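With the numbering used here, the residue at position 133 of the sequence shown is 138, and numbering never jumps. Every residue, glycine too, gets a C-beta built ideally from N, C-alpha and C. As the structure is a computational prediction, the values presented were derived from the model and not from experiment.
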Amino acid sequence: MNTPLLSFEDVSARFDTREVFAGLSFTLQSGQSTALLGLNGAGKSTLLRLAVDLHRPYTGQVSIHGMAVENPSARAGVAWLPERVTAPHYLRGREWLALLLAQHGLAYSHEHALAECAHFELPSSVLDAPARDSSKGMMQKLGLVACLLSGSDLLLLDEPMSGLDPRAKRLCRDRLIAARAEGRTLFMSTHDLEDLALLCERVLVLHAGRLVFDDSPSALRELHPTGKPEEGLLLLLKN
6 MNTPLLSFED
16 VSARFDTREV
26 FAGLSFTLQS
36 GQSTALLGLN
46 GAGKSTLLRL
56 AVDLHRPYTG
66 QVSIHGMAVE
76 NPSARAGVAW
86 LPERVTAPHY
96 LRGREWLALL
106 LAQHGLAYSH
116 EHALAECAHF
126 ELPSSVLDAP
136 ARDSSKGMMQ
146 KLGLVACLLS
156 GSDLLLLDEP
166 MSGLDPRAKR
176 LCRDRLIAAR
186 AEGRTLFMST
196 HDLEDLALLC
206 ERVLVLHAGR
216 LVFDDSPSAL
226 RELHPTGKPE
236 EGLLLLLKN
(Lines of atoms letter the chains of each structure in order from A; the text may use other names.)
(Lines give C-alpha, C1' and ligand atoms only; values in the text may rest on other atoms or scores of the structure.)
Protein backbone atom coordinates (compact mmCIF):
# COMPACT_ATOMS: atom_id res chain seq x y z
CA MET A 6 0.00 0.00 0.00
CA ASN A 7 1.31 3.47 -0.92
CA THR A 8 2.36 5.77 1.89
CA PRO A 9 -0.23 8.58 2.18
CA LEU A 10 0.77 12.01 0.99
CA LEU A 11 -0.71 13.56 4.15
CA SER A 12 -1.76 11.77 7.31
CA PHE A 13 -3.52 12.92 10.49
CA GLU A 14 -3.44 10.29 13.24
CA ASP A 15 -5.67 10.88 16.27
CA VAL A 16 -4.87 14.60 16.19
CA SER A 17 -6.26 17.11 18.64
CA ALA A 18 -5.62 20.85 18.79
CA ARG A 19 -6.28 23.46 21.43
CA PHE A 20 -5.47 27.02 22.38
CA ASP A 21 -4.85 27.33 26.11
CA THR A 22 -7.82 25.46 27.58
CA ARG A 23 -10.08 25.73 24.50
CA GLU A 24 -10.22 22.54 22.50
CA VAL A 25 -10.58 23.15 18.75
CA PHE A 26 -10.96 19.52 17.68
CA ALA A 27 -9.98 16.09 18.94
CA GLY A 28 -9.34 12.61 17.60
CA LEU A 29 -9.06 13.57 13.92
CA SER A 30 -7.74 10.76 11.73
CA PHE A 31 -7.67 10.81 7.93
CA THR A 32 -5.24 10.44 5.06
CA LEU A 33 -4.84 12.05 1.64
CA GLN A 34 -3.27 10.20 -1.27
CA SER A 35 -1.27 11.96 -3.98
CA GLY A 36 -3.60 13.37 -6.61
CA GLN A 37 -6.61 13.26 -4.28
CA SER A 38 -7.67 16.90 -4.15
CA THR A 39 -9.84 17.65 -1.13
CA ALA A 40 -12.02 20.50 0.11
CA LEU A 41 -12.30 21.26 3.81
CA LEU A 42 -15.64 22.80 4.79
CA GLY A 43 -17.13 24.07 8.02
CA LEU A 44 -18.40 27.11 9.88
CA ASN A 45 -16.17 30.02 10.84
CA GLY A 46 -14.22 28.96 13.92
CA ALA A 47 -14.56 25.24 13.23
CA GLY A 48 -10.79 24.85 13.08
CA LYS A 49 -10.14 24.68 9.33
CA SER A 50 -7.24 27.15 9.39
CA THR A 51 -5.77 25.45 12.46
CA LEU A 52 -5.91 22.08 10.71
CA LEU A 53 -4.07 23.43 7.67
CA ARG A 54 -1.49 25.16 9.85
CA LEU A 55 -0.80 21.85 11.58
CA ALA A 56 0.17 20.42 8.19
CA VAL A 57 2.98 22.97 7.78
CA ASP A 58 4.12 22.94 11.42
CA LEU A 59 2.83 26.44 12.14
CA HIS A 60 0.85 24.98 15.02
CA ARG A 61 1.69 21.84 16.98
CA PRO A 62 -0.94 19.20 17.78
CA TYR A 63 -1.90 18.78 21.41
CA THR A 64 -2.00 15.03 20.80
CA GLY A 65 -1.45 12.83 17.77
CA GLN A 66 0.80 13.06 14.75
CA VAL A 67 0.69 14.81 11.38
CA SER A 68 2.89 13.30 8.65
CA ILE A 69 3.76 14.00 5.01
CA HIS A 70 5.04 11.05 3.00
CA GLY A 71 5.36 9.17 6.28
CA MET A 72 7.61 11.80 7.89
CA ALA A 73 6.52 13.95 10.83
CA VAL A 74 5.85 17.52 9.68
CA GLU A 75 8.26 18.77 12.34
CA ASN A 76 10.98 17.47 10.01
CA PRO A 77 11.74 20.22 7.44
CA SER A 78 12.38 17.54 4.81
CA ALA A 79 8.74 16.47 5.08
CA ARG A 80 7.58 19.95 4.09
CA ALA A 81 9.97 20.37 1.16
CA GLY A 82 7.27 19.68 -1.44
CA VAL A 83 4.50 21.70 0.22
CA ALA A 84 3.28 25.23 -0.53
CA TRP A 85 0.94 27.01 1.89
CA LEU A 86 -1.36 29.94 1.21
CA PRO A 87 -2.76 31.63 4.35
CA GLU A 88 -6.25 33.10 4.37
CA ARG A 89 -4.85 36.63 4.66
CA VAL A 90 -1.81 37.08 2.43
CA THR A 91 0.57 39.75 3.68
CA ALA A 92 4.09 40.80 2.79
CA PRO A 93 6.50 43.37 4.26
CA HIS A 94 5.05 46.65 3.01
CA TYR A 95 8.36 47.88 1.61
CA LEU A 96 9.17 44.79 -0.51
CA ARG A 97 8.39 44.89 -4.20
CA GLY A 98 6.35 42.02 -5.59
CA ARG A 99 9.30 40.34 -7.25
CA GLU A 100 11.42 40.71 -4.10
CA TRP A 101 8.72 39.03 -2.05
CA LEU A 102 8.38 36.21 -4.60
CA ALA A 103 12.16 35.76 -4.60
CA LEU A 104 12.12 35.51 -0.79
CA LEU A 105 9.37 32.88 -0.82
CA LEU A 106 10.94 30.85 -3.63
CA ALA A 107 14.29 30.85 -1.83
CA GLN A 108 12.58 28.88 0.93
CA HIS A 109 11.96 26.18 -1.66
CA GLY A 110 15.56 26.34 -2.88
CA LEU A 111 14.53 28.07 -6.11
CA ALA A 112 15.83 31.18 -7.84
CA TYR A 113 13.38 33.86 -8.95
CA SER A 114 12.69 33.93 -12.71
CA HIS A 115 11.06 37.12 -13.93
CA GLU A 116 9.93 35.35 -17.09
CA HIS A 117 8.18 32.59 -15.13
CA ALA A 118 6.66 35.13 -12.73
CA LEU A 119 5.23 37.15 -15.62
CA ALA A 120 3.77 34.01 -17.21
CA GLU A 121 2.10 32.95 -13.94
CA CYS A 122 0.79 36.47 -13.27
CA ALA A 123 -0.80 36.44 -16.72
CA HIS A 124 -2.99 33.49 -15.66
CA PHE A 125 -4.53 35.78 -13.02
CA GLU A 126 -4.52 38.92 -15.19
CA LEU A 127 -2.10 40.53 -12.76
CA PRO A 128 -0.33 43.47 -14.43
CA SER A 129 3.44 43.25 -14.64
CA SER A 130 3.62 46.46 -12.58
CA VAL A 131 2.66 44.50 -9.45
CA LEU A 132 6.10 42.86 -9.55
CA ASP A 133 7.86 46.23 -9.34
CA ALA A 134 5.48 47.94 -6.93
CA PRO A 135 5.89 47.71 -3.13
CA ALA A 136 3.36 45.54 -1.32
CA ARG A 137 1.77 48.61 0.29
CA ASP A 138 0.52 49.67 -3.16
CA SER A 139 -1.27 46.37 -3.87
CA SER A 140 -4.89 45.66 -2.98
CA LYS A 141 -5.98 42.66 -0.89
CA GLY A 142 -7.11 40.87 -4.05
CA MET A 143 -3.81 41.55 -5.81
CA MET A 144 -1.85 40.20 -2.83
CA GLN A 145 -4.08 37.11 -2.76
CA LYS A 146 -3.33 36.45 -6.41
CA LEU A 147 0.37 37.09 -5.88
CA GLY A 148 0.33 34.55 -3.04
CA LEU A 149 -1.19 31.99 -5.40
CA VAL A 150 1.49 32.84 -7.95
CA ALA A 151 4.14 32.09 -5.32
CA CYS A 152 2.56 28.72 -4.49
CA LEU A 153 2.41 27.71 -8.13
CA LEU A 154 5.94 28.90 -8.93
CA SER A 155 7.24 26.79 -6.04
CA GLY A 156 6.64 23.63 -8.06
CA SER A 157 5.22 21.98 -4.94
CA ASP A 158 3.20 18.80 -5.33
CA LEU A 159 0.93 19.57 -2.36
CA LEU A 160 -0.84 22.94 -2.25
CA LEU A 161 -2.40 23.78 1.13
CA LEU A 162 -4.75 26.65 0.44
CA ASP A 163 -6.71 28.45 3.16
CA GLU A 164 -9.64 30.19 1.46
CA PRO A 165 -7.71 30.76 -1.80
CA MET A 166 -10.50 32.87 -3.31
CA SER A 167 -10.92 35.15 -0.29
CA GLY A 168 -11.09 38.80 -1.35
CA LEU A 169 -11.33 38.04 -5.07
CA ASP A 170 -13.98 39.56 -7.34
CA PRO A 171 -16.12 37.24 -9.53
CA ARG A 172 -13.80 37.41 -12.54
CA ALA A 173 -10.72 36.80 -10.40
CA LYS A 174 -12.45 33.83 -8.77
CA ARG A 175 -13.07 32.34 -12.21
CA LEU A 176 -9.42 32.83 -13.17
CA CYS A 177 -8.31 31.29 -9.86
CA ARG A 178 -10.62 28.32 -10.36
CA ASP A 179 -9.33 27.70 -13.86
CA ARG A 180 -5.68 27.91 -12.76
CA LEU A 181 -6.26 25.49 -9.89
CA ILE A 182 -8.01 23.07 -12.25
CA ALA A 183 -4.92 23.29 -14.45
CA ALA A 184 -2.70 22.66 -11.42
CA ARG A 185 -4.63 19.45 -10.75
CA ALA A 186 -4.11 18.44 -14.37
CA GLU A 187 -0.37 18.98 -13.82
CA GLY A 188 -0.52 16.32 -11.11
CA ARG A 189 -0.60 18.57 -8.07
CA THR A 190 -2.74 17.80 -5.03
CA LEU A 191 -4.99 20.50 -3.56
CA PHE A 192 -6.08 20.54 0.06
CA MET A 193 -8.12 23.68 0.49
CA SER A 194 -10.58 25.24 2.90
CA THR A 195 -13.37 27.13 1.21
CA HIS A 196 -16.83 28.65 1.55
CA ASP A 197 -17.29 28.74 -2.23
CA LEU A 198 -19.22 25.59 -3.08
CA GLU A 199 -20.33 26.40 -6.62
CA ASP A 200 -17.23 24.92 -8.29
CA LEU A 201 -16.50 22.25 -5.68
CA ALA A 202 -16.81 19.30 -8.05
CA LEU A 203 -14.44 20.93 -10.56
CA LEU A 204 -11.72 21.49 -7.98
CA CYS A 205 -11.96 18.50 -5.68
CA GLU A 206 -12.98 14.86 -5.68
CA ARG A 207 -13.33 14.61 -1.91
CA VAL A 208 -15.00 16.73 0.77
CA LEU A 209 -14.29 16.81 4.49
CA VAL A 210 -16.63 18.69 6.82
CA LEU A 211 -15.32 19.77 10.20
CA HIS A 212 -17.98 20.59 12.79
CA ALA A 213 -18.17 20.69 16.59
CA GLY A 214 -14.63 19.37 16.94
CA ARG A 215 -14.92 16.34 14.68
CA LEU A 216 -15.17 15.28 11.07
CA VAL A 217 -18.86 14.78 10.30
CA PHE A 218 -18.56 14.06 6.57
CA ASP A 219 -15.96 12.42 4.33
CA ASP A 220 -17.22 11.72 0.83
CA SER A 221 -17.50 13.14 -2.68
CA PRO A 222 -19.01 16.49 -3.77
CA SER A 223 -21.88 14.57 -5.39
CA ALA A 224 -22.61 12.79 -2.09
CA LEU A 225 -22.78 16.19 -0.38
CA ARG A 226 -25.32 17.39 -2.96
CA GLU A 227 -27.41 14.25 -2.52
CA LEU A 228 -27.89 14.92 1.19
CA HIS A 229 -30.65 17.41 0.33
CA PRO A 230 -33.61 17.05 -2.06
CA THR A 231 -32.61 20.28 -3.85
CA GLY A 232 -29.31 18.77 -4.92
CA LYS A 233 -27.51 21.93 -3.81
CA PRO A 234 -24.20 21.46 -1.97
CA GLU A 235 -24.93 24.46 0.27
CA GLU A 236 -28.16 22.84 1.48
CA GLY A 237 -26.39 19.53 2.07
CA LEU A 238 -23.73 21.28 4.09
CA LEU A 239 -26.28 23.22 6.16
CA LEU A 240 -28.09 19.98 6.89
CA LEU A 241 -24.87 18.49 8.29
CA LEU A 242 -24.20 21.59 10.37
CA LYS A 243 -27.61 21.49 12.05
CA ASN A 244 -26.55 18.50 14.14
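- In summary, Gln145 is buried, with 16 or more beta-carbon neighbours lying within 10 Å of its beta-carbon over all protein chains present.
- Around the CB of Lys49, 16 or more other CB atoms lie within 10 Å, so the residue is classed as buried.
- CA-CA distance, Ala73 to Gln66, rounds to 7 angstroms.
- Excluding the 5 residues flanking it on each side, Gly214 has same chain C-beta neighbours closer than 8 angstroms at Glu24, Val25, Phe26, Ala27 and Gly48, in chain order.
- A distance below 8 angstroms separates the beta carbons of Val150 and Cys122.
- Within the same chain, Leu228 and His229 come within 7 angstroms of Leu240 by CB-CB distance, once the 5 residues on both sides are set aside.
- Within the DSSP bridge table, the entry for Glu199 names no partner.
- Of the residues Leu33, Cys152, Arg207 and Arg189, the one whose Cα lies closest to the Cα of Phe13 is Leu33.
- About 7 angstroms separates the CB atoms of Ser221 and Val208; that is less than 8 angstroms, so the two are in contact.
- Selection Cys205, Leu204, Lys233 and Val217 evaluated against Leu29 yields Val217 as nearest (Cα-Cα).
- Secondary structure note for Val150: its alpha helix (DSSP H) is the uninterrupted segment Lys141 to Leu154.
- Around Ser139, the same chain offers Gly98, Val131 and Leu147 as residues with beta carbons nearer than 8 angstroms, after the five sequence neighbours per side are excluded.
- Within the same chain, Cβ atoms closer than 7 angstroms to the Cβ of Arg185 are found at Ser38 and Leu191, the five residues on either side in sequence being excluded.
- In the structure shown, the three-state DSSP call for Ser68 is strand.
- For Gly28, the secondary structure class from DSSP, reduced to helix, strand or coil, is strand.
- Here the alpha carbons of His212 and His115 stand approximately 43 angstroms from one another.
- A direct Cα-to-Cα measurement between Asp133 and Gly142 gives close to 17 angstroms.
- If you draw a straight line from the Cα of Val57 to the Cα of Trp85, it is about 7 angstroms long.
- Per DSSP, reduced to three states, the secondary structure at Val131 is helical.
- With respect to Leu162, Arg189 sits apart: the two C-beta atoms are not nearer than 8 angstroms.
- Rounded to the nearest angstrom, the Cβ distance from Leu44 to His124 is 31 angstroms, too far for a contact under 8 angstroms.
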